[in-house]
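A quick write-up on the structure given underneath.
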């Protein structure tokens, strides 16, 4: 089988390419240039070149910087401007890695696209990885349903420690087993605020309000805060911890309150991305990557919008984040929180 492998220069994509080549497939590597961080690509391309030479496979460098800026980078900035919390990795998977890269794979005549994600595929659905601590099904849940038939995740049945041990056992790949893990958001060096500084004034002090609208303190600028944050702002006379409940970007204000006020029992999605045929769902939902699953009832209208009723309340629900719906270990739907 002719397979394009997304190669980043990291251990996961390296082991992915090795395993597929060793299994007898015709493997082609591809490195994606997504942003212009100085020195970032040169080091990674050198690693990809080393692996390609060892495996004796061809590789391509695909420049997707314009698409990445339009689909991922600027939406990241704009979402923070709107006082919401973006999910750039989910957008990147949908439009870039499982979008533009898949188009490129097809243009080369490849039957499949393989990545080093920790997830599994079964009966046309994404499933959680064997290694629950590294499971990336949440971030993949934004993919278009039609794309899934072309994907392979060779690491889905492996634990991360075994992937590293596997690389360490192969002499030319030993260095990949010990190198530092890449950061979750590839274009953020230290903090997301450093990115926002290029597009807006991030040092505008503003008012902190309580839930009744009374001014109770000052903050450093609304873009420094996300829903649920409990530090970095002033609350005069408070005798218990306060958390960000709401962000009002037009007024440069944040609304804060007690943990009890953070509690949410229902929310909505403008559009739901379904992987199964259904009008209503009884399932579980994760409202962020590291949150635990919560039982819920999903009601979908004829326009594809959805109302979610939670079996138990959640704390810190953030507009702009992705909600991912599971039937046990299978992803059945996703959508961005309205």
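In our numbering, the protein residues as written are 1409 to 1746. Don't be surprised by glycine CBs; every beta carbon is placed ideally from N, CA and C. As the structure is a prediction and not an experimental result, all values here were calculated from the model.
Alpha-carbon to alpha-carbon, residue 1703 and residue 1467: The sequence position of residue 1467 within the chain shown is 59, counting from 1. The sequence position of residue 1703 within the chain shown is 295, counting from 1. Near 44 angstroms, if we compare the C-alpha coordinates of residue 1703 and residue 1467.
Own chain partners of residue 1689 with C-beta closer than 7 angstroms, once the 5 adjacent residues on each side are dropped: Position 281 of the chain shown holds residue 1689. Result list for residue 1689: 1706, 1733, 1740, 1741, in chain order.
Which of helix, strand or coil DSSP assigns to residue 1721: Counting from 1 along the chain shown, the entry for residue 1721 is found at position 313. Residue 1721 falls in the strand class under three-state DSSP.
Which of helix, strand or coil DSSP assigns to residue 1703: Sequence index remark: in the chain shown, residue 1703 carries index 295 (1-based). Looking at residue 1703 - three-state DSSP - the assignment turns out to be strand.
Counted within 10 angstroms of its Cβ, other Cβ atoms place residue 1729 as buried (16 or more) or exposed: Counting from 1 along the chain shown, the entry for residue 1729 is found at position 321. With 16 or more Cβ atoms within 10 Å of its Cβ, residue 1729 is classed as buried.
C-beta contact flag for residue 1573 and residue 1581 at 7 angstroms: On the chain shown, position 165 is the one that residue 1573 refers to. On the chain shown, position 173 is the one that residue 1581 refers to. Taking 7 angstroms as the Cβ cut-off, residue 1573 and residue 1581 do not qualify as a contacting pair.
Candidates 1559, 1563, 1516, of which the one nearest residue 1531 by Cα: The residue labelled residue 1531 in the question sits at position 123 within the chain shown. If we check each option's Cα against that of residue 1531, 1559 comes out closest.
Residue span of the alpha helix (DSSP H) that contains residue 1426, given as start and end: Within the chain shown, the letter at position 18 stands for residue 1426. Segment 1419-1430, the alpha helix (DSSP H) holding residue 1426.
Buried or exposed (CB count within 10 angstroms, at least 16 for buried), residue 1721: On the chain shown, position 313 is the one that residue 1721 refers to. By the 10 Å Cβ count, residue 1721 comes out exposed.
Exposure of residue 1682, with buried meaning 16 or more beta-carbon neighbours within 10 Å: For the purposes of this step, residue 1682 is identified with residue 274 of the chain shown, where counting begins at 1. When all chains shown are included, residue 1682 counts as buried.
Alpha-carbon to alpha-carbon, residue 1462 and residue 1444: Within the chain shown, numbered from 1, the residue matching residue 1444 stands at position 36. Within the chain shown, numbered from 1, the residue matching residue 1462 stands at position 54. Approximately 28 angstroms, taken between the alpha carbons.
CA-to-CA distance, residue 1597 to residue 1477, given in whole angstroms: As a first step, residue 1477 must be located in the chain shown, where it is residue number 69. As a first step, residue 1597 must be located in the chain shown, where it is residue number 189. Straight-line Cα distance between these residues: approximately 16 angstroms.
Proximal residues to residue 1497 (C-beta, below 6 angstroms), its chain only, five neighbours per side dropped: Position 89 of the chain shown, counted from the start, is the residue given in the question as residue 1497. Contacts found: 1547.
For residue 1654, the three-state DSSP class (helix, strand or coil): As a first step, residue 1654 must be located in the chain shown, where it is residue number 246. Residue 1654 falls in the strand class under three-state DSSP.
Contiguous alpha helix (DSSP H) assignments of at least 4 residues, all confined to the stretch 1433-1463: 1448-1463
Exposure of residue 1479, with buried meaning 16 or more beta-carbon neighbours within 10 Å: Numbered from its first residue, the chain shown carries residue 1479 at position 71. Per the 10 Å Cβ criterion, buried.
Burial state of residue 1606 (16 or more Cβ within 10 Å): Translated into the one-based positions of the chain shown, residue 1606 becomes position 198. Counting Cβ neighbours within 10 Å, residue 1606 comes out exposed, since fewer than 16 surround it.
Cβ-heavy atom distance, residue 1447 to the ligand ADP, below 6 angstroms: Ligands displayed in this structure: none; no statement on the ligand ADP is therefore possible.
Extent of the continuous alpha helix (DSSP H) to which residue 1473 belongs: Position 65 of the chain shown holds residue 1473. Where residue 1473 is concerned, the enclosing alpha helix (DSSP H) stretches over 1473-1476.
At least three beta-carbon pairs within less than 8 angstroms, the stretch 1441-1456 to the stretch 1617-1632: no
Proximity to residue 1725 [Cα-Cα], best of 1735, 1745, 1719, 1711: One-based indexing of the chain shown puts residue 1725 at position 317. Checked all of 1735, 1745, 1719, 1711; the closest Cα to residue 1725 is 1745.
Any 3 or more C-beta pairs closer than 8 angstroms across the stretch 1530-1545 and the stretch 1509-1518: no
Counterpart residues of residue 1410 in DSSP-defined beta bridges: Residue numbering aside, residue 1410 sits at position 2 when the chain shown is read from its first letter. In the DSSP output, where bridge partners are listed per residue, residue 1410 has 1434.
Stretch pair the stretch 1627-1647 + the stretch 1495-1510: three plus CB contacts closer than 8 angstroms: no
Under the three-state DSSP convention, the category residue 1585 falls into: Position 177 of the chain shown, counted from the first residue, corresponds to residue 1585. If DSSP states are grouped into helix, strand and coil, residue 1585 belongs with the helices.
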